[in-house]
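*Asks:* In this note's numbering, the protein residues as written are 277 to 457.
Following this message is one structure expressed as structure tokens.
Rendered as structure tokens:
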């Protein structure tokens, strides 16, 4: 059975970065997979928006990142560098601190880093400790290599995510029999 999960992402000072409700799809060797339907309201410090396309998010165990895999026309992969995500005792709330750096791979393109300027500003404004800065850059560099298009065999970035996306977009012949997000 799929359970709702409140995703609560904060900035280093505790202010809201983003928050929405996702559905727990399942778990595998890579971590916990969440699904978010198109049109889900997302709260943010600037007011919010609604999700423009459906996506699945991987929450790995003990790592300083999450990875989102979108249905077309969204970006193929969107990784957030963050503190290691933490689950509430009942698994209904997922919390992490957004460390600004994002690794994005658009369809047909190579991965690139976004929001380096925001990271630099928050490093000073929020007073990121040296260890946090080092871990964030180390994680970002690892994600850049793992998400590269050419010769990529690093899972879940190579193909494992496709199974979970398939739960959101079943083939036309079986539409209505799969999970409705």
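For every residue, glycine included, the Cβ atom is placed at its ideal position computed from N, Cα and C.
No experiment lies behind these values; they were computed from the predicted model shown.
1) If we count Cβ pairs, one from each stretch, closer than 8 angstroms, do we get three or more for the region 420-433 versus the region 360-369?
2) In three-state terms, what does DSSP make of residue 321?
3) By the 10 Å Cβ neighbour count, where 16 or more other Cβ atoms means buried, how is residue 296 classified, buried or exposed?
4) I'd like the list of long-range same chain contacts for residue 286, defined as Cβ closer than 8 angstroms, with 5 residues on each side in sequence excluded.
5) Would you mind working out which of 384, 358, 423 sits nearest residue 412, comparing C-alpha positions?
6) Out of curiosity, what's the CA-to-CA distance linking residue 361 and residue 324?
7) Please classify residue 378 as buried or exposed, where buried requires at least 16 neighbouring CB atoms within 10 angstroms.
8) In the structure shown, what three-state DSSP assignment does residue 373 receive?
9) Short check: CB of residue 343 to CB of residue 439, under 9 angstroms?
*Replies:* Reading it off the structure:
1) no
2) For this step, residue 321 is matched to residue 45 along the chain shown. DSSP places residue 321 in coil when its eight states are reduced to three.
3) Start at 1 with the first residue of the chain shown, and residue 296 comes out as number 20. With 16 or more other Cβ atoms within 10 Å, it is buried.
4) Your numbering for residue 286 matches position 10 in the chain shown. Around residue 286: 292, 293, 371, 372, 373, 374.
5) Looking up residue 412 in the chain shown gives position 136. Closest option to residue 412, Cα to Cα, is 358.
6) The count along the chain shown starts at 1 and reaches residue 361 at position 85. The count along the chain shown starts at 1 and reaches residue 324 at position 48. Cα-Cα distance, rounded: 22 angstroms.
7) Your numbering for residue 378 matches position 102 in the chain shown. Residue 378 should be labelled buried.
8) For the purposes of this step, residue 373 is taken as residue 97 along the chain shown, with counting starting at 1. Three-state DSSP puts residue 373 in a strand.
9) For the purposes of this step, residue 343 is taken as residue 67 along the chain shown, with counting starting at 1. For the purposes of this step, residue 439 is taken as residue 163 along the chain shown, with counting starting at 1. Going by C-beta atoms, residue 343 is not nearer than 9 angstroms to residue 439.
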